[in-house]
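What follows is a short report on a single structure.
There are 2 protein chains.
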Amino acid sequence: MTEAEVAECIPDLWQPLTQEQREFLAQNFMVQKYKKNETIYNEGETPQYLMCLLNGKVKIYKDGVGGRSQIIRVIKSQEYFAYRAYLAEENYVTAAAAFEPCTICLIPMPVIVRLLQENAELSMFFIRQLSKDLGIADERTVSLTQKHIRGRLAESLLFLKDTYGVEEDQCTLSIYLSREDLAHLSNMTTSNAIRTLSNFAAEKLIIIDGRKIKLLEEEKLKKISKIG
Amino acid sequence: MTEAEVAECIPDLWQPLTQEQREFLAQNFMVQKYKKNETIYNEGETPQYLMCLLNGKVKIYKDGVGGRSQIIRVIKSQEYFAYRAYLAEENYVTAAAAFEPCTICLIPMPVIVRLLQENAELSMFFIRQLSKDLGIADERTVSLTQKHIRGRLAESLLFLKDTYGVEEDQCTLSIYLSREDLAHLSNMTTSNAIRTLSNFAAEKLIIIDGRKIKLLEEEKLKKISKIG
DNA sequence: TCTAAAACATGTTATTCAGCACAAAGGTAA
DNA sequence: TTACCTTTGTGCTGAATAACATGTTTTAGA
């Protein structure tokens, strides 16, 4: 892989570096592919790499009480993940899997740590990213615990639009999730995800066609999400 | 305040610094006192200071749907807080208040940012801290959403023991929370906190004497917490 | 193309927990 | 003291939602 190609894959990481650091990074750069639904890492494993999603869609999730799965966050193209546990000096407390076929760039964490020690701007990038993620996690805790089912599902739909965007028609979500994943994202059972989605469709807030979801009344969904 | 005194207040921040940086920090050091139940900062405000709790106990909380309060985390002596939002370039998404009379050290965030740019070891301290907090937040999301009332309350009691410790008898929690705060920590109504606490007492897992709580059967509480 | 499995859909029941209402106990101030 | 407010405690009711059962549709593999 040429340096120019590496630079294009991981601009946020690349940009702050000196020429010397860039050469070092380019020498420690791997790319790996994952199939749809393939596990990327598991809870309890020892983290070794920082990962950057080059293309595809990834879920970070956690299996809780009685094996019930909760999606903690989702990763879109160009985002970094899988590094938190190493930096906290822990094993993974979450697992990651591919929603769709993915290409992921892997960089050994010791390489990252060395760069962090040499490059203050890079450190600030990680500090900012972790700070943002922690704020999101705090918001999410309250949403998931206090909002009612309709509010949680509406929030998830809007969140998916924000994260992965829409197709050419400006309203069909670009991600086709199973009802089960939608449920795990919204902290509810699969039955209730199906039911509530049907209700939204009956109220003409959305149109469902299999896994394809069109958001018709975004403002009303926002209202439902906000009032809980 | 002498440099030695400053050093004692904020060892984690102080230790990585050069002599020059220490002098700079010592010149930008304030100490402020807060009364019991006094608000330290509010949601929506613009963050200006990193805070370090010198003594006392602090809650970080968030008012959610219908003003229902959720305690997100608690701070003990020597811990840093209130810096996340500034580093994420956001306003506060949480609020902070004193459980008990507190002494807090305040350092303007621009001072911290300057030190972060100069000192890689200090950056690593914040990266590690944020990474740990994010892991805790992820775990907490699943606990609060999936565990049942008894599991959540048991977890809170054990968490309070871990965080603030116990008195000389080795089993009385050192923090005397109102039932309301205990409820907000455990994501339940005050009535249910009272009821479940009474049940634990009836089962001889704990002894309650007003706000004083003695943990008798820690292993059984751990089991209740784990199975949810 | 057939078959089996997975995903989707919907109705019913059971459980958990929030939301009262109200009373007792403790603390605080005039 | 008395009065008042806050906190604690308890019972009852109903709403929200998980769990279960069952049938249908879609998908994937042989």
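Which chain is which? The protein sequence lines are A and B, in order. If you count by my numbering, then the first sequence holds residues 8 to 235, one letter each, in order. If you count by my numbering, then the second sequence holds residues 8 to 235, one letter each, in order. Just so it is clear, CB atoms sit at the ideal spot from N, CA and C, and this is done for glycine as well.
Contact with chain A by residue i, beta-carbon distance below 8 Å
| i | result |
| --- | --- |
| Thr148/B | yes |
| Ala144/B | yes |
| Val51/B | One detail in the question is off: residue 51/B reads as Gly in this sequence, not Val. Not closer than 8 Å to any Cβ of chain A, the Cβ of Gly51/B fails to qualify, so no. |
| Ala104/B | no |
| Thr46/B | no |
| Val173/B | no |
| Arg135/B | yes |
Rounded separation between residue i and residue j - CA only
| i | j | result |
| --- | --- | --- |
| Glu50/A | Ser163/A | 24 Å |
| Thr179/B | Lys219/B | 7 Å |
| Gln34/B | Thr110/B | 19 Å |
| Leu222/A | Leu204/B | 45 Å |
| Arg29/B | Trp21/B | 7 Å |
| Ile201/A | Leu122/A | 47 Å |
| Arg75/B | Glu187/B | 11 Å |
| Ser185/A | Ile215/B | 47 Å |
| Ile119/B | Glu15/B | 18 Å |
| Asn44/A | Val65/A | 9 Å |
| Lys199/A | Ile231/B | In the sequence under discussion, the amino acid at residue 199/A is Asn, which differs from the Lys named in the question. Asn199/A and Ile231/B: Cα-Cα distance of roughly 27 Å. |
| Phe207/B | Glu224/B | 10 Å |
| Glu97/A | Thr53/A | 7 Å |
| Thr170/B | Leu60/B | 14 Å |
| Val72/B | Ile67/A | 26 Å |
| Lys154/B | Lys40/B | 37 Å |
| Ala103/B | Asp140/B | 16 Å |
| Lys168/B | Thr152/A | 24 Å |
| Arg80/A | Asp176/B | 43 Å |
| Glu12/A | Leu165/B | 50 Å |
Chain-order list of residues whose beta-carbon lies under 8 Å from that of residue i (same chain, five-residue window excluded)
| i | result |
| --- | --- |
| Gln136/A | Tyr87 |
| Val100/A | Glu50, Lys69, Ala92 |
| Asn126/A | Pro23, Leu24, Thr25, Gln28 |
| Lys42/A | Ala105, Pro108 |
| Ile234/B | Gly158 |
Distance CB(residue i)-CB(residue j) smaller than 8 Å
| i | j | result |
| --- | --- | --- |
| Tyr90/A | Leu57/A | yes |
| Ser150/A | Arg159/A | yes |
| Ala105/A | Gly172/A | no |
| Leu228/A | Ala144/A | no |
| Leu192/B | Ile78/B | yes |
| Ile17/B | Ile134/A | no |
| Thr148/B | Thr148/A | yes |
| Ser84/B | Ala95/A | no |
| Leu113/B | Met195/B | no |
Interface residues of chain B facing residue i [CB-CB closer than 8 Å]
| i | result |
| --- | --- |
| Ile215/A | Correct list: empty, because the minimum Cβ distance to chain B is about 25 Å. |
Cβ of residue i within 8 Å of any chain B Cβ
| i | result |
| --- | --- |
| Ile79/A | yes |
| Leu57/A | no |
| Glu97/A | yes |
| Val13/A | no |
| Asn194/A | yes |
| Thr25/A | no |
Cβ shell of residue i (< 7 Å), same chain only, five flanking positions each side left out
| i | result |
| --- | --- |
| Asp19/A | Phe132 |
| Pro115/B | Asn35, Gln55, Tyr56 |
| Ser181/B | Tyr171, Gly172, Val173, Glu174 |
| Leu212/A | Leu223, Glu224, Lys227, Leu228 |
| Tyr183/A | Arg218, Lys219 |
| Glu210/B | none |
Listed by chain order, chain A residues near residue i by CB distance under 9 Å
| i | result |
| --- | --- |
| Phe132/B | In chain order: nothing, as chain A lies at least about 10 Å away. |
| Ala127/B | Leu123, Gln124, Glu125, Asn126, Ala127, Ser130 |
Chain-ordered chain A contacts of residue i [CB-CB under 8 Å]
| i | result |
| --- | --- |
| Ala92/B | Ser138, Gly142 |
| Leu113/B | Neighbours of Leu113/B on chain A: none; closest Cβ ~19 Å, over 8 Å. |
| Val118/B | Simply none; closest approach about 15 Å. |
Partner residues on chain A for residue i, Cβ-Cβ distance less than 7 Å
| i | result |
| --- | --- |
| Gly71/B | Val149, Gln153 |
| Gly235/B | Val72 |
Residue i CB to nearest heavy atom of the ligand ADP below 7 Å
| i | result |
| --- | --- |
| Ile143/A | The model depicted lacks the ligand ADP and carries no ligand whatsoever. |
Contacts of residue i in chain B (Cβ-Cβ under 7 Å)
| i | result |
| --- | --- |
| Arg157/A | Result: empty, since nearest Cβ-Cβ is about 12 Å, beyond 7 Å. |
| Val100/A | Gly142, Asp145, Glu146 |
| Arg75/A | Gln153 |
Sequence-distant residues of the same chain with beta carbon closer than 6 Å to residue i, five excluded per side
| i | result |
| --- | --- |
| Thr197/B | Arg186, Glu187, Ala190 |
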